[in-house]
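Protein sequence lines, in the order shown, are assigned to chains G and X.
Residue numbers 6 to 522, in our numbering, belong to the letters of the first sequence in order.
Residue numbers 19 to 965, in our numbering, belong to the letters of the second sequence in order.
Using N, Cα and C, we set each Cβ at its ideal position, and we do this for glycine too.
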Amino acid sequence: MSTKIYVPCDSSALSLGAESVAQAIVREAAARNFEITLVRNGSRGLYWLEPLIEVETANGRVAYGPVQSGDVAGLFDAGFLGGQQHALALGPTEEISYLKKQERLTNARVGITDPVSLDDYLAHDGYKGLKNALTMAPAAIVKEVTDSGLRGRGGAAFPTGIKWNTVLNAPAEQKYIVCNADEGDSGTFSDRMIMEGDPFVLIEGMTIAGLAVGATQGYIYLRVEYPHAHKNLNAAIAAAHQAGYLGSNICGSGKAFDVEVRLGAGAYVCGEETALLESIEGKRGMVRFKPPLPAIKGLFGQPTVINNVISLASVPIILDKGGAHYRDYGMGRSRGTLPIQLAGNIKRPGLVEKAFGITLRELLYDYGGGSASGRPIRAVQVGGPLGAFVPESQFDTPLDYEAFAANWAVLGHGGVVVFDDTVDMARMARYAMEFCAIESCGKCTPCRIGSTRGVEVMDKIIQNQDKARNIQLLRDLGDTMLAGSLCALGGMTPYPVLSALNHFPEDFGVDKTSEAA
Amino acid sequence: MSLQRDKDYGTPASPAEQSVTLEIDGFEVTVPEGTSVMRAASSIGIEIPKLCATDSLEPFGSCRLCLVQVEGARGYPASCTTPVAAGMKVKTQTDKLADIRRGVMELYISDHPLDCLTCSANGNCELQDMAGTVGLREVRYGYEGKNHLKSEKDGSNPYFSFDPSKCIVCSRCVRACEETQGTFALPIDGRGFDSVISPGQHQAFMDSECVSCGACVQACPTATLMEKSVIDKGQADHSIITTCAYCGVGCSFKAEMKGAEVVRMVPDKDGKANHGHSCVKGRFAFGYATHPDRITSPMIRKSIHEPWQKVSWDEAINYAASEFKRIQAKHGRHSVGALTSSRCTNEEAYLVQKLVRAAFGNNNVDTCARVCHSPTGYGLKQTLGESAGTQTFDSVMKSDVIVVIGANPTDGHPVFGSLMKKRIRQGAKLIVVDPREIDLVKSAHVQADYHLKLKPGTNVALVTALAHVIVTEGLVREDFVAERCEVDSYRKWKEFVALPHHSPEATEAATGVPAETLRAAARLYATAGNGAIYYGLGVTEHSQGSTTVIGIANLAMATGNVGREGVGVNPLRGQNNVQGSCDMGSFPHELPGYRHVSDALVRSEFEDAWGVTLEAEPGLRIPNMFAAALDGSFKGLYCEGEDIAQSDPDTQHVHAALQAMECVVVQDLFLNETAKFAHVFLPGASFLEKTGTFTNAERRISPVRRVMPPLAGYEDWEVTQMLSNALGYPMNYGSGPEILDEIARLVPTFHGVSFKKLDELGSVQWPCNESAPEGTPTMHIDQFVRGKGRFMLTEYVPTQERTSSRFPLILTTGRILSQYNVGAQTRRTQNNAWHAEDRLEIHPHDAEQRGIKDGDWVGIKSRQGETVLRATVSERMQPGVVYTTFHFPESGANVITTDNSDWATNCPEYKVTAVQVTPVSQTSEWQQQFQAFTEQQLSHLEKASAG
């Protein structure tokens with residue numbers, strides 16, 4: 006009997022040597038005359054354990070990791086095909102506490118299935134949501150999503166159902182579904198994990214969105230730096246086509262929907278939805294002003310749903326299990342789950358999908374195990390390069406859009422980047438300005454000139470020039486950028502800059518009591 | 019007189035009919051739905067600070083100076099991009115807004131040179147104004163940070179300079195190039211702080227695709243893009259609105275003046291033909307008016323082989339009059355005639371024809387429309403009842419399918435070409451009928467749905483085949499035809515076009531247009547909604563020019579595409595006042611207002627007004643004059659502002675005719691080709707030196723206002739008046755407007771026109787009378803001018819000009835953007851930087867066969883003559899067809915054209931000449947003679963100056 010072995014094809018595992026591990030396993034099995042079936046699954050998201058390989062046993066899947074190719078012979082020797090003990094043995098995968106405590110709704114299949122196997126997808130509750138949606142009126146689908154309380158997971162947290170409703174009610178001959186897969190925030194990878202590990206769920210989510218609003222064409226705007234996601238998405242799209250889940254007659258319903266992947270060209274600002282639309286249209290990635298909202302006048306001037314990968318990938322389970330099921334997770338106005346990505350100076354980096362309400366402290370210590378360096382965690386940046394720095398004093402804040410906003414912080418796309426006590430927060434503030442200067446599209450003045458001036462002002466502060474005056478200038482510049490920028494790039498750069506200054510004035514050479522605001 | 023600075027509302031007006039009421043700074047304001055908050059505020063005098071917004075361009079939202087606060091709304095929306103909403107309460111001034119605006123200005127100025135006092139925009143700089151408005155007092159960033167202050171200046175364009183160190187990256191120039199001009203030559207290069215305006219692909223302006231229309235210069239709020247004339251002379255002190263004297267678009271311009279000197283010509287935002295847009299000619303090429311070649315003293319000579327003599331005005335006028343009188347006494351009343359000018363004003367054209375009819379006592383008057391749009395006059399009069407286009411230019415913005423036949427709007431009528439391209443970018447379909455791949459066929463964001471690349475001379479076959487498809491496929495708008503057209507003529511026409519030999523399959527061999535393509539184009543035109551046909555000299559300048567015009571009118575009637583906006587039959591008139599000169603009775607058979615001289619009632623009206631007896635027989639057309647000159651019966655010609663020696667076909671014939679005359683009087687700005695054959699030279703006045711009106715291709719009568727005194731002392735009409743008086747027929751007009759009053763009295767379609775009305779309305783489209791006091795934008799709305807529309811049969815008769823083994827290629831001709839017709843004006847400007855010589859365009863296949871490479875000298879020989887040009891090998895051409903422009907006299911394009919002409923109007927067949935092209939090493943014999951003759955004539959002129 007053949008033994009099933011899982012070696013992830015996720016790019017984090019690959020970058021840690023999963024490919025040579027897979028080859029070594031095939032080699033060893035052949036040499037030892039073992040019959041094995043090698044499955045290239047997605048990642049479970051336990052990155053400090055990658056490459057994490059799993060063996061299917063009578064007692065379920067058991068895990069070993071991190072495995073290097075040199076360990077493979079030893080694993081065979083130890084009888085890992087029977088789930089036997091080994092120094093790298095982690096026990097039954099589902100029992101690993103990091104995973105066990107999670108509430109995986111969106112990532113339910115990631116790491117479990119063969120990402121490009123439609124059969125595997127169907128065997129694990131895939132396309133159940135679409136089947137339901139096909140029996141529903143468009144407005145009813147939109148209502149289900151509205152009822153779920155799902156909010157945009159790209160960072161802006163706009164209620165998805167309300168956005169869809171606008172598109173549904175916008176009369177047009179052609180509408181579009183656009184998936185924002187230009188995941189560019191530092192420390193984030195949940196979009197990538199979905200696209201590499203379970204691309205069908207995204208395609209299903211987009212198809213449901215198409216049915217809901219009357220769109221027949223979808224585009225996935227994928228950052229060029231995700232070649233494995235590109236490959237898996239295209240393979241999944243082809244398989245879905247083949248099986249009639251995409252095309253002119255979805256599941257025999259007479260309804261049409263198609264998806265095409267478009268690659269970005271490396272500009273961070275193209276993750277901003279309107280710049281993204283410009284880019285798909287073949288133009289320079291420049292931010293458009295709003296209104297008109299993309300929901301009214303989006304891609305090629307037509308009503309367009311533009312949602313993040315996680316938002317769309319959360320739709321199938323909502324349509325499968327009902328809006329109420331999803332809404333039952335979470336707190337306050339933040340309903341459902343959020344795939345949190347732990348990165349930076351953290352012992353156990355990885356993906357943690359949890360209902361809203363978990364605190365930063367739980368994430369950092371219960372899941373993350375504290376800093377990788379072993380030193381005290383001094384600050385975390387939540388929500389990407391435009392997110393605020395959160396000091397230790399606020400680690401008990403629950404993950405909730407409103408609770409973070411009350412602290413002048415953001416949840417964003419759920420990326421958490423950890424810094425220990427060796428961090429120089431003035432340098433981090435300078436870096437935030439520099440990031441904006443490098444990535445600015447150059448359209449609006451506050452961002453175009455302000456970010457460059459911001460770097461220069463930070464340099465003066467770091468060099469101790471005319472400090473009080475330059476600190477004031479930095480604050481004024483922050484206000485100008487916050488209030489005056491055209492999009493969130495310039496508009497949110499003051500979050501990391503001013504949060505660093507406000508929470509860590511001592512790093513700016515400023516008296517803590519006089520500056521803390 | 020003061021310097022008019024146009025109010026800038028920040029964003030374009032909303033066309034919506036529904037209005038919205040809101041409150042801005044406590045004031046209630048009602049504006050059309052879709053208006054921006056910025057424009058709404060501006061409409062009640064609240065000017066919100068702005069830099070990237072200007073009302074000629076769509077809002078962009080980049081400068082962030084115009085942020086406002088809206089009650090109940092989050093943040094600080096940009097007022098330029100925020101549309102008004104009912105009940106909205108807007109605050110445009112708060113402490114917070116003041117902080118933001120100062121913050122933004124502080125950033126701008128941290129990367130801007132501080133040389134305001136010596137800057138060319140000083141006194142007219144929006145950046146300077148905004149710094150003042152927001153109260154910027156300090157730039158705390160200092161000036162040592164990253165900046166663009168050392169950016170290199172680009173002075174490659176002859177008319178404007180580009181100084182990137184002053185650029186604020188508002189993208190107004192980029193957007194103007196895209197939205198207004200449609201050339202897309204100016205992108206932004208780089209990102210973030212490194213964003214810079216960069217013509218083409220890191221090119222200098224002159225090396226890029228820039229067409230120098232000036233839209234970017236117009237849009238620039240700083241000194242970044244600045245007219246060199248302003249850099250040289252400083253800001254103007256006053257301005258006067260006038261009308262461009264180049265093509266038939268008739269753009270309105272604001273002449274910005276310093277004393278009697280034009281500092282710059284700025285397209286007039288309120289101009290109804292151009293809406294603030296311009297082209298390289300009207301915008302920049304006005305320097306000819308003060309060119310040293312201008313002749314400012316009258317001259318006479320007994321023979322063209324003698325030097326000129328400078329004389330007083332009296333002497334010149336008296337000499338000319340005595341010569342005409344002598345000739346008439348000796349050779350009879352009909353031995354003299356005159357040509358009116360399509361470049362002069364209506365009043366001047368009117369006066370010349372009046373002089374002919376009243377002082378010469380004959381009808382020997384003609385005009386250069388003879389050689390361009392006379393078939394339009396005939397064809398449209400016969401079918402629709404009026405010798406003019408049916409629409410306004412703006413009408414194209416409501417067209418769903420645009421058909422361009424034998425016209426090249428982006429070169430010939432550039433400002434209208436830009437409007438057309440804008441509509442095409444909005445989604446209108448385009449059909450181009452042209453032997454050559456003109457720019458419209460494929461250029462930035464514009465592509466023809468069908469290009470019917472026909473063989474020159476086969477227009478009638480093609481147009482009739484289009485009709486065949488429309489009729490046989492049941493695409494005729496029968497309801498329209500039944501209600502609006504003659505039943506009988508329609509029935510006959512329907513039977514005629516349905517004949518099998520008119521089918522696209524049958525005509526394909528002649529036209530070279532694949533039948534399926536032609537069918538598809540016909541279906542598109544007939545069924546796509548509003549269909550508009552625009553045509554030019556590629557239609558008229560053929561032996562069957564009138565037939566094609568008739569065929570076009572037939573198509574429009576059959577498809578119901580007449581009588582509303584978005585449709586129509588639209589001749590693109592070549593010269594500024596060719597419509598007007600025709601309206602003014604410049605043809606030998608028509609009195610002003612297109613009324614036939616044989617009509618006794620009409621004649622008696624004019625006889626009463628002019629106090630003379632008028633001839634009932636039509637006079638001589640231009641070609642008849644030449645023929646009569648050569649047979650000895652026509653001896654004297656008064657030629658005002660037209661250069662027949664260069665522009666008329668078969669040059670050798672024309673030159674011989676001129677030499678056969680005893681008195682040729684030329685009234686012109688320069689010693690043009692015709693003047694080389696003249697005995698009297700009367701200095702003309704440019705459009706800047708006179709007051710009157712021009713009528714453009716959309717029948718729009720626009721005011722021409724004198725901005726400087728005539729260099730030679732008199733406006734052209736004054737000279738005609740003096741000549742008339744000397745001939746014994748008294749004229750006593752005090753001004754151009756006074757002549758217009760007489761025209762208004764005598765021409766029914768002008769009854770309501772006066773200079774006062776033009777002062778009030780800006781311009782007005784004829785008919786303008788009791789039933790249409792503010793003019794008539796669209797003609798034939800309820801019924802055709804002639805009552806019922808008349809279908810006429812259009813049998814294709816191939817031209818006699820055939821290719822043969824000796825002359826295997828067809829030569830056709832056209833114009834280019836930077837030069838204008840005979841080039842007398844533009845050749846005396848820096849427009850030569852774009853086009854310094856006429857070239858022969860030839861398909862690579864034909865070139866290869868003859869061993870011709872790009873840039874080689876080639877001889878072009880027809881049955882008529884031979885000339886030599888350099889070759890441009892180009893796939894714009896189809897094999898078998900070659901092409902040239904005719905802007906330089908030494909090119910001798912008309913040395914090779916034939917004396918074939920339109921059967922109805924004698925319009926020459928410039929567009930079809932059978933030629934052979936061969937590589938050569940020297941100029942043609944004609945060119946050598948031309949050069950010798952020119953040198954001789956210039957020395958005669960020099961002697962006059964010396965004397």
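- Annotation: residue 97/G has no Cβ neighbours in chain X at a cutoff of 9 Å; minimum Cβ distance is about 50 Å.
- Among the CB atoms of chain G, none fall inside 9 Å of the CB of residue 38/X.
- DSSP places residue 441/G within a helical segment (H, G or I) once states are collapsed to three.
- With a 10 Å radius around the Cβ and a threshold of 16 neighbouring Cβ atoms, residue 35/G comes out exposed.
- Chain-ordered, the chain X residues with CB closer than 8 Å to the CB of residue 294/G read 77, 78, 79, 96, 99.
- Within the segment 158-176 of chain X, the residues whose Cβ lies closer than 9 Å to some Cβ of chain G are 158, 159, 160, 162, 163, 164, listed in chain order.
- Listed as beta-bridge partners of residue 711/X by DSSP are 721/X.
- Taken through DSSP and simplified to helix, strand or coil, residue 333/X comes out as helix.
- Using a Cβ-Cβ cut-off of 9 Å, residue 378/G does not count as an interface residue toward chain X, since no Cβ of chain X sits closer than that to its own.
- Within the model, the alpha-carbon separation for residue 248/G versus residue 325/G is close to 20 Å.
- For residue 888/X, the enclosing beta strand (DSSP E) covers residues 884-891.
- Listed along chain X are 210, each with a C-beta nearer than 8 Å to that of residue 443/G.
- Residues of the same chain with a CB within less than 6 Å of the CB of residue 320/G, apart from the 5 flanking positions on each side, are 210, 213 in chain order.
- For residue 95/X, there is no enclosing alpha helix (DSSP H), as DSSP marks it with neither H nor E.
- The Cβ-Cβ distance between residue 301/X and residue 230/X falls below 9 Å.
- Contact between the segment 305-314 of chain X and the segment 629-648 of chain X is absent, with fewer than three C-beta pairs closer than 8 Å.
- Put simply, the backbone Cα of residue 498/G is about 28 Å away from that of residue 335/G.
- Look at residue 489/G: its C-beta is under 9 Å from a C-beta on chain X.
- When beta bridges are read from the DSSP output, residue 347/G appears opposite 355/G, 421/G.
- Of 91/G, 167/G, 59/G, 115/G, the smallest CA-CA separation from residue 97/G is found for 59/G.
- Look at residue 310/G: its C-beta is not under 9 Å from any C-beta on chain X.
- Annotation: the continuous alpha helix (DSSP H) that includes residue 235/X extends over 233-237.
- The alpha-carbon separation between residue 862/X and residue 897/X amounts to approximately 8 Å.
- Taking a C-beta distance under 9 Å as the contact criterion, residue 206/G and residue 126/G qualify as a contact pair.
- Going by beta carbons, residue 783/X and residue 260/X fall outside the 9 Å limit.
- Between the segment 784-793 of chain X and the segment 767-776 of chain X there are three or more C-beta pairs closer than 8 Å, enough to call the two in contact.
- Interface annotation, residue 205/X: in contact with chain G, CB-CB separation under 9 Å.
- The segment 362-382 of chain X makes contact with the segment 593-605 of chain X: 3 or more CB pairs, one atom from each, lie closer than 8 Å.
- By the Cβ rule, the segment 549-569 of chain X counts as touching the segment 405-424 of chain X, because three or more pairs are nearer than 8 Å.
- Taking the beta carbon of residue 121/X as reference, the chain G residues within 9 Å of it are 451, 455, 481, 482, 484, 485, 486, 488, 489, listed in sequence order.
- Listed by position along chain G, the residues whose Cβ is nearer than 9 Å to that of residue 85/X are 488, 489.
- Annotation: the continuous alpha helix (DSSP H) that includes residue 620/X extends over 618-628.
- When Cβ-Cβ separations below 9 Å define contact, residue 125/X makes contact with chain G.
- As the crow flies, the alpha-carbon of residue 941/X is around 11 Å from that of residue 910/X.
- Between residue 683/X and residue 324/X, the CB-CB gap reaches or exceeds 9 Å.
- Around the CB of residue 458/G, 16 or more other CB atoms lie within 10 Å, so the residue is classed as buried.
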